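Take 50 as the starting number for the sequence shown in our numbering and just add one per residue. Idealized CB from N, CA, C, for every residue including glycine. Every value quoted in this text rests on a predicted model; they were computed, and no experiment measured them. What follows is a set of notes on a single structure, which appears directly below.
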Amino acid sequence: MKRPLEEKKDMVKEPLLSTASPKGGSGTMPFIIANSVLEKVATYGVSPNMTLYLLKEYHMEMATASNILFYLSAANNFTPVLGAIVADAYVGRFHMIGFGCVISFLGTIVLWLTTMIPQARPPPCNESSNSCTSATSFQLFMLFTSFILLSVGAGGIRSASLAFGADQFEKRDGKKDAVLLQRYFSWYYVSYSLSLVLALTCMVYIQDQMGWQIGFGASVVVMFFAALLFFLASPFYIKVKAKATLFTELVQVIVASYKTKSPKLLSSSSTEMLYHHKNGSTLVFPSEKMRFLNKACIIHDPEQDLTPDGRAKNPWNLCTVDQVEDLKALLKVIPIWLSGIVTFININQTSFSVLQASSMDRKIMGNFEIPAGSFGIFNIISMILWVAFYDQVLLPIAARIKGKPVYLTARQRMGIGTFISFLSVVVTATMECIRLSLAFKEGISDDPEAIVHMSALWLLPQYCLIGLTLGLSAIAQNEFFISELPRSMSSMASTLCGVGISLGCLVASFIMSTIDDFTKRGGGESWISTNINKGHYDYYFWVLSGLSLVNFFFFLICCWTYGPCRGEEGNVNDEEVSLR
């Protein structure tokens with residue numbers, strides 16, 4: 050029998066991963082989380098200053114550069130959805146992350162080469178004649194290739210990283226260790242915040258102080274280590290095989306309901322109708338809502354439609370009641386999901402925010418100058434502070450006053466966040482109006498590089514309001530979708546927010562292009578001018594504020610038509626009783 054001291058020595062000698070130990074477990078977590086953190090540092094690190102890179106090195110107009118970044122952000126948020134479908138149904142999560150690592154690494158290399166090869170970007174502007182050469186087709190092709198590679202790579206990694214880490218805690222009976230899983234999720238989201246902080250501070254600072262070559266080169270090095278760490282632990286991962294996805298099943302419902310020619314639909318509980326359902330499922334009859342979809346699960350001829358063991362012979366002709374109800378639940382949340390798109394339009398106005406900060410005095414504590422691209426860190430800080438204040442201070446005080454647990458529902462927080470999003474663009478428009486008037490008084494309207502004698506710290510209110518919007522609306526959206534959709538749709542529910550961000554970027558690009566084309570007609574100066582001291586970004590944000598106010602009332606209407614959420618029916622009845 051070993052003594053305690055000998056046991057302790059054995060524990061010290063035991064490596065983090067060993068081929069003799071079972072696959073998966075906590076030992077693989079440092080590699081998966083490190084891969085996720087470093088990938089985000091490498092890719093998010095090039096985003097904040099990308100506006101300045103396109104304006105100064107590629108001589109683009111502000112509207113053009115902003116639209117490119119809107120498309121890039123839309124792709125970065127949509128490719129994980131496609132990646133999740135492909136990973137779950139065809140290639141598996143391990144191969145999807147590995148593919149993403151290689152593609153992202155290639156993307157950072159191509160982007161870095163645009164700084165290293167003089168022919169890969171336009172020559173510097175001629176200051177004497179004040180003329181600039183536009184980028185050639187080859188130069189734009191190289192730049193856009195790097196963007197596409199980064200988006201595809203990010204989609205591969207981010208689509209599967211969280212779920213792949215959860216797979217490592219799967220036991221032999223197919224269940225997952227709940228305690229370790231909860232700890233993993235906590236550390237994963239902590240690491241997500243850490244990656245944003247590192248990207249918005251360290252990476253942006255390197256670009257500002259050491260130039261584009263070293264700054265983008267740092268992303269190459271970081272992405273290399275992200276891929277290396279992931280592949281190092283390859284023999285020790287649990288690799289779950291791909292299988293059919295829920296997305297396919299939802300499409301089958303649409304196809305089956307369209308193909309099926311059914312007689313007049315009776316009540317779903319009618320004995321004249323026979324419905325196909327899973328063995329052991331509690332859903333035997335479909336609901337009365339959206340009855341046109343019920344055709345997908347009606348059995349017309351059991352001998353022709355079903356196999357001897359009770360399964361559908363052709364799942365594209367006959368679906369289960371569960372599949373039909375899953376699709377109905379998804380369609381029901383779509384209106385509220387649409388109301389969140391305008392909120393994401395406001396959140397994604399990062400190109401203007403960087404340009405605005407670069408035109409103001411950013412010095413603090415003597416000669417230290419905050420990089421213009423690093424101001425986004427105040428969004429993250431304010432979001433973290435709000436979440437901590439809400440959870441640790443506000444709720445306990447409210448519970449003590451009421452004498453019972455008190456909380457804001459997901460829809461209430463979404464509504465407050467939607468209104469704060471409206472306030473954020475109002476404050477942004479007001480602050481830009483003040484900054485623009487100072488630029489006019491100082492006589493620097495014709496100089497796009499001039500610095501207004503106004504501290505950039507005056508921008509903190511709008512950044513803090515955006516952070517509050519993230520802490521309220523964005524987080525509550527994820528909670529709402531996951532709680533309202535069936536448990537079988539949890540993966541899809543977690544992607545709805547990303548799809549909303551993607552669509553929000555596309556709509557934002559359309560709005561900006563429309564305003565730019567309309568305001569520069571007749572040879573006038575566009576509101577979205579590259580010279581921020583000559584344009585009228587304040588007018589642009591007043592347009593967004595009007596749109597946001599309309600969207601707030603649209604959200605209220607959607608909530609009213611949606612009815613009570615799951616678990617709220619009983620609460621509503623209790624409140625009515627107490628009021629009587």
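- A residue is called buried once 16 or more other Cβ atoms fall within 10 Å of its Cβ, and residue 341, having fewer, is exposed.
- Residue 490 and residue 478 have their C-alpha atoms some 18 Å from each other.
- The beta carbon of residue 80 sits closer than 7 Å to those of 278, 279, 281 and 282, all from its chain and outside the five residues before and after it, given in chain order.
- Within the region 461 to 524, the runs of alpha helix (DSSP H) at least 4 residues long that lie entirely inside it are, in chain order, 509 to 518.
- DSSP, read as helix, strand or coil, puts residue 180 in strand.
- DSSP places residue 607 in the uninterrupted alpha helix (DSSP H) bounded by 586 to 611.
- With fewer than 16 other beta carbons inside 10 angstroms of its own, residue 448 counts as exposed.
- In the DSSP secondary-structure assignment, residue 417 is bridged to 413.
- DSSP places residue 146 in the helix class (H, G or I) of the three-state scheme.
- For residue 126, the uninterrupted alpha helix (DSSP H) run begins and ends at 111 to 135, by DSSP.
- Burial is judged here by how many other beta carbons sit within 10 angstroms of a residue's own beta carbon; residue 172 has fewer than 16 and is exposed.
- Judged by DSSP in its simplified three-state form, residue 361 adopts strand.
- Straight-line spacing of the CA atoms in residue 264 and residue 457 works out to 43 Å.
- A distance below 6 Å between beta-carbons, with the five flanking residues on each side excluded, links residue 206 to the following residues of its chain, in chain order: 88, 146 and 149.
- If only complete runs of 4 or more residues are kept, the region 343 to 401 shows the alpha helix (DSSP H) at 351 to 354 and 370 to 396, in order along the chain.
- By the CB criterion at 7 Å, residue 587 and residue 482 fall inside the cutoff.
- The criterion of a C-beta distance shorter than 7 Å is not satisfied by residue 388 and residue 582.
- For the pair residue 381 and residue 611, the Cα-to-Cα distance works out to about 7 Å.
- In this structure, the CA atom of residue 546 is about 26 Å from the CA atom of residue 509.
- Its Cα nearest to that of residue 553, the residue 597 stands out among 543, 177 and 597.
- For residue 259, the enclosing alpha helix (DSSP H) begins and ends at 253 to 259.
- Under DSSP, residue 580 forms no beta bridge with any residue.
- For residue 419, the closest alpha carbon among the candidates 123, 254 and 369 is that of 254.
- Taking 8 Å as the upper bound for CB-CB distance, residue 90 and residue 271 are in contact here, some 5 Å apart.
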